[in-house]
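The sequence shown begins at 1 in full-length UniProt numbering and counts up by one.
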Amino acid sequence: MESNVARNRAELSGKATNVLDFRTLASSHKRLAELLTEGMTVLDVGCGAGAITHGIAKIVGPTGRVVGIDSNPALIEKAKKTFGDIPGLEFECGDIFNLHFKEEFDIVTSARVLQWLSNPLEALTVLKSSTKPGGRVLILDYNHEKISWEPVPPSSMKSFYSAFLKWRSDAGMDNAIADHLPNLFEKVGINEIIITPQHETVKRTDNDFNSRISIWADVAASRGIQMVKDRYITESQRATAEMEYREWINEVAMSQTMYLLAVEGRKNNL
Ligand SMILES: C[S@@+](CC[C@H](N)C(=O)[O-])C[C@H]1O[C@@H](n2cnc3c(N)ncnc32)[C@H](O)[C@@H]1O
């Protein structure tokens, strides 16, 4: 059973949702983009406001079917408003642990979602049930313990980041889930496992440097508030981390790499 603490801490709001809108299929789910062909059926669980999902629908076209599911009603509302007219694309509010699909999709994907669950094994079992025999399950996720910055960020942010990882792991979330996915796949009987590194590096010379490296300032401004309420940090520690990190971005930051893997496998034909 998924814990209520994890459910509460996984909930996205305010500035935390900004980062989702910058993502596209081509930039942020590259392995999926390689696998898609016209006419495919694809389920995208934890689709947010559909930034990646609508790109999937454009490739599979009107002869295919794409369903985006998210547990956050505000994000699904926004997805329907923004992308509701694309043929073959549907959005539904729903829970990864309670999907109603039975062997319907060629590809079932969930990107950056299992990191927020205390019971990813159960979620993977449900994702497998939604996949056609012979179809693929494709999970994209982080190992937050392997992030790197150049040069090192201010100590206030390093302390904030450590507290963030503890706040997550105390809720039962796996900070290193990317590296544990192959083992989870084996446990639920998904075979032919392929691992593709998809690490996200942003450099000072990139056009979107500021918005992407600001992710940790945005996390401090959003989830940080909840961490203060949960007594993992004080408000002053939170505010200092956010401010000093923004100054570091403006003055000295050169690059950041978030460790991300795409792990896929096949469901056996019956
Ligand atoms: C970090 S966002 C990733 C969004 C998108 N897949 C991407 O890669 O940009 C995680 C998403 O998972 C959703 N989510 C969290 N727990 C969920 C659950 N139990 N069932 C369905 N969606 C969930 C959140 O609402 C959020 O939109």
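Ideal placement from N, C-alpha and C gives every residue a C-beta, glycine not left out.
Just so you know, these numbers come straight off a predicted model, no measurement behind them.
For V188, the CB contacts under 8 Å within the same chain, skipping 5 residues up- and downstream, are L121, L124, T125 and K128 in chain order.
In this structure, DSSP gives Q256 an extended state, which the three-state scheme calls strand.
Under the three-state reduction of DSSP, P197 is assigned to strand.
Burial is judged here by how many other beta carbons sit within 10 angstroms of a residue's own beta carbon; P73 has fewer than 16 and is exposed. Going by C-alpha positions, K166 is about 27 Å away from R23. The residue among P154, N119, T240 and G50 with its C-alpha nearest the C-alpha of N4 is N119. In the three-state reduction of the DSSP assignment, S169 falls in the helix class, which pools H, G and I. Check the Cα spacing between S27 and each of S255, E200 and I233: the tightest is with E200. With three or more CB-CB distances shorter than 8 Å, the stretch 52-71 counts as touching the stretch 28-43.
Annotated as distal: G68 and E38, with beta-carbon spacing of 9 Å or more. When P154, D170, S236 and Y142 are compared, the shortest CA-CA separation from N250 is found for P154.
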